[in-house]
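Below: the structure, in structure tokens.
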Amino acid sequence: MNASTQQHSEVLTLDILPYIFGHVSSTADLYNLCLASRSASHYALNRLYDGTLFAQPMADAQAKPNRRYAKALQAVIRYPHLASRVRSYIVPHMPQPHERFDELWSESFSACHNITEFHWRSTSAVPPAVLSGLSEKPRLRSLTIPGDELSIPSKVDAVTKLPNLEQLSLLAPDRAFRHVFAKWMNSMNETLTRLHVESAEWLDDSILSVIRLPNLVRLTLHDCPALSAAGVLPLLRSASKIQTLYLGLSGVKLSELARPDDHGPRPTFNHLQKVFVNWEKSLAFWLHLQSLLEASPIETFHIIRASAVAKPRRSANDANVNQQNGPPTMLAPIPNMQQNVAQNANVGGNAPQGAPAVNGALATRPANLPPVLVLLTSIVETLTPYRISFALPPPRRETPLIDDSFIHRFVSLHATTLKKFWVVGLRCSEEAVFDMCSKCEQLERVKAEDVDEFPMIRRPTLARDMASRKSLWSWWRDRNAGADRPLWAPPPRD
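The opening position of the sequence shown corresponds to residue 792 in this note's numbering, with each subsequent residue numbered one higher.
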């Protein structure tokens, strides 16, 4: 050992190891460090269980979905000092959980006394010992639970005994939860800050309109068909501190939220930073949206056209006529050629003689058919008892265009705060995107799902340069290079 090595060995002590392990965030790396040595295992275990008890790495989820997760639960049961570090108890989704996991979940959950979050994402039923033990966790602040676990009154009572929740997510809650939902929400009106309710068919205006949550900062209501603006407006008026709003409700129109009604004025969003809205086919939609968001410091704007996301179902006849990956032609045998030609003469009363037919109906032949295909079609129809029909694709519907005046006004109001602009199923003009990217200094991402209708997003350097967009756009403004070279081109190197 030379002098320099000896000098460094004296400086590098074991006190620095917790600092080094504190920067390891990958669960897979922490698992491997646990197997390296005894000293490394000590620090890696503390880091692994510090704050959360989560699922195994993605590679293990495909190969060994249950083994390492079971060992993690057993370690929590065996070592109390590890259980004391767990803050988030998250049960992951596993393809085929073993029956013994019910016992492991119950014992490990009872051993974790300091948890603040409980999220159940598995398809397995929550063990009764876990549900009854929720009320014994005084520090529990966040809860995510599937709705089928709330179908029994005893389970509903176990959940509603949690008065100090700050975050609540109910996924498809059962109808048995209907009678206690409003009372439970109002009992947490001082603590609840985030509410997520999804696929609640029983949630109607009579329940939601009596709920008051003044400290709510995030609200998500999705797929609740019985709700209308009459039930949503009172809740929004009481939530003056809301920062994130997502309303995926078919019965609520934006025009109904943007104007006052008989019960009070329209809601004001002075702190709204993230908004997710559904596009409505209305001439006044953009005006109502603009008036609703004009006083908000918007950072994330996400607009979606619901009909563009839900793919239409294709019938069996459509699949036979126009296959997705097949050629655009179809050969149809005609057993009795003379009978079909006679039928063709009567189709529409003025069918041209010699028109190709398929089963008594006029075949479709495009006017701009290449000469080679015309020659081949004539040869086949002359020498064989077949007629060739060209299955044309249905006409493409025009994708709605976002009003340029709305984008210009939106940019002028939120140029200093806007960071993300997401579009799904709608088009933006290049001029509007050009104006947005040049004026919004904090802009980080412009995303569109329909890339064919969004020409700017197809430029590969745009997404790459968004991370360093400050230099990109300042370079463009200083040199005014938008006229002679593309906007998405990287700045020249000095």
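Beta carbons: idealized from backbone N, C-alpha and C, even for Gly.
What three-state label does DSSP hand Gln1081 in the structure shown?
In the structure shown, Gln1081 falls within a helical segment according to DSSP collapsed to helix, strand and coil.
Applying the 10 Å Cβ sphere with the 16-neighbour rule, what's the burial state of Asn1069?
With 16 or more other Cβ atoms from the protein chains shown falling within 10 Å of its own Cβ, Asn1069 counts as buried.
Whole angstroms are fine: how far does the CA of Phe1201 sit from the CA of Asp1195?
C-alpha separation (whole angstroms): 10 Å.
Based on the DSSP output, what are the partners of Ile881 in its beta bridges?
When DSSP reads this structure, Ile881 sits in a beta bridge with His910.
Checking the sheet assignment: what are the DSSP bridge partners for Tyr822?
Secondary-structure assignment with DSSP links Tyr822 through no beta bridge to anything.
Trp1213 - partner residues in DSSP beta bridges
Answer is His1093, Lys1238.
Where does Val1165 land, buried or exposed, given buried means 16+ other C-beta within 10 angstroms?
Exposed, because fewer than 16 other Cβ atoms sit within 10 Å of the Cβ of Val1165.
Host beta strand (DSSP E) of Asn837 (start-end)
Judged by DSSP secondary structure, Asn837 falls outside any beta strand (DSSP E) and instead within the alpha helix (DSSP H) spanning 829-839.
Close beta carbons around Ile862, own chain, < 8 Å, minus the five adjacent residues each side
Just to set this straight, residue 862 is Lys in the shown sequence, not Ile. Correct list: empty, nothing qualifies.
Minimum C-alpha distance to Ser926 - residue among Glu1221, Thr951, Ser832, Leu1063:
The shortest Cα separation from Ser926 among Glu1221, Thr951, Ser832, Leu1063 belongs to Thr951.
Distance, Pro1088 Cα to His1205 Cα:
Straight-line Cα distance between these residues: approximately 6 Å.
Check this for me: beta carbons of Leu808 and Tyr840, under 8 Å apart or not?
For Leu808 and Tyr840, no; Cβs fall outside 8 Å.
Look at the alpha carbon of Pro1286 and the alpha carbon of Val1066, and state the distance between them as a whole number of angstroms.
Past the boundaries of the shown model lies residue 1286; the chain is included only from 792 to 1285, so the question cannot be answered.
Leu962 - containing beta strand (DSSP E), residue span:
Leu962 -> beta strand (DSSP E) spans 958-962.
Among Arg1009, Cys1015, Asp996, Tyr1177, whose alpha-carbon lies nearest the alpha-carbon of Leu962?
Checking every option, the nearest Cα to that of Leu962 belongs to Cys1015.
List the DSSP bridge partners of Arg1009.
Answer by DSSP bridge pairing, in chain order: Arg985, Thr1035.
Taking just the CA atoms, how far does Leu824 sit from Leu1004?
Looking at the two C-alpha atoms, the distance is approximately 46 Å.
Taking Thr1091 as the reference, which of Gln1064, Trp1077, Glu1071, Leu1084 has the closest Cα?
Of Gln1064, Trp1077, Glu1071, Leu1084, the smallest CA-CA separation from Thr1091 is found for Gln1064.
Length of the line joining the Cα atoms of Leu1083 and Arg1057:
Here the alpha carbon of Leu1083 sits roughly 9 Å from the alpha carbon of Arg1057.
Per the DSSP calculation, Ser933 is bridged to which residue(s)?
Under DSSP, the beta-bridge partners assigned to Ser933 are Glu908, Gln958.
When DSSP labels each residue in this structure, what does Arg858 get in the three-state scheme?
In the displayed model, Arg858 falls within a helix according to three-state DSSP.
For Val947, which option in Val877, Arg1236, Pro919, Asp893 has the closest C-alpha, if you only look at C-alpha atoms?
The shortest CA-to-CA distance from Val947 to any of Val877, Arg1236, Pro919, Asp893 is the one to Pro919.
Rounded to a whole number of angstroms, what is the C-alpha to C-alpha distance between His1079 and Pro1161?
A straight-line Cα-Cα distance of about 51 Å links His1079 and Pro1161.
Can you give me the C-alpha to C-alpha distance between Phe812 and Arg1218, rounded to a whole angstrom?
Approximately 47 Å between the Cα atoms of the pair.
Close-in-space but distant-in-sequence residues of the same chain around Tyr1037 (CB under 6 Å, 5 per side omitted)
Excluding residues within five positions, the ones whose Cβ falls inside 6 Å are Thr1011, Phe1067.
Roughly how many angstroms lie between the CA atoms of Tyr810 and Ile906, to the nearest whole one?
When rounded, the distance between both Cα atoms is 24 Å.
Using only CA atoms, which one of Arg891, Phe892, Arg838, Phe900 lies nearest to Val867?
If you compare the alpha carbons of Arg891, Phe892, Arg838, Phe900 with that of Val867, the shortest gap goes to Phe900.
Separation of Thr1207 from Leu986, as counted between CA atoms
If you draw a straight line from the Cα of Leu986 to the Cα of Thr1207, it is about 28 Å long.
Determine, using beta carbons only, whether Trp1213 and Lys1230 come nearer to each other than 8 Å.
No, the pair does not count as a contact, with Cβ atoms beyond the cut-off.
If you draw a straight line from the C-alpha of Val921 to the C-alpha of Arg966, how long is it?
Roughly 22 Å between the two C-alpha positions.
Got a sec, what are the start and stop residues for the beta strand (DSSP E) Lys974 sits in?
The continuous stretches of beta strand (DSSP E) do not include Lys974, which lies in the alpha helix (DSSP H) extending over residues 969-978.
Relative to the C-alpha of Leu983, which candidate in Lys1032, Ser997, Gln958 has its C-alpha closest?
Taking only the C-alpha atoms, the option nearest Leu983 is Gln958.
Report the rounded CA-to-CA distance for Asn977 versus Tyr822, giving the unit in angstroms.
Straight-line Cα distance between these residues: approximately 44 Å.
Paired residues, beta bridge with Val1068 - DSSP
Beta-bridge pairing links Val1068 to Ile1094.
At what residues does the alpha helix (DSSP H) containing Gly1055 begin and finish?
Here Gly1055 belongs to no alpha helix (DSSP H), and DSSP marks it neither H nor E.
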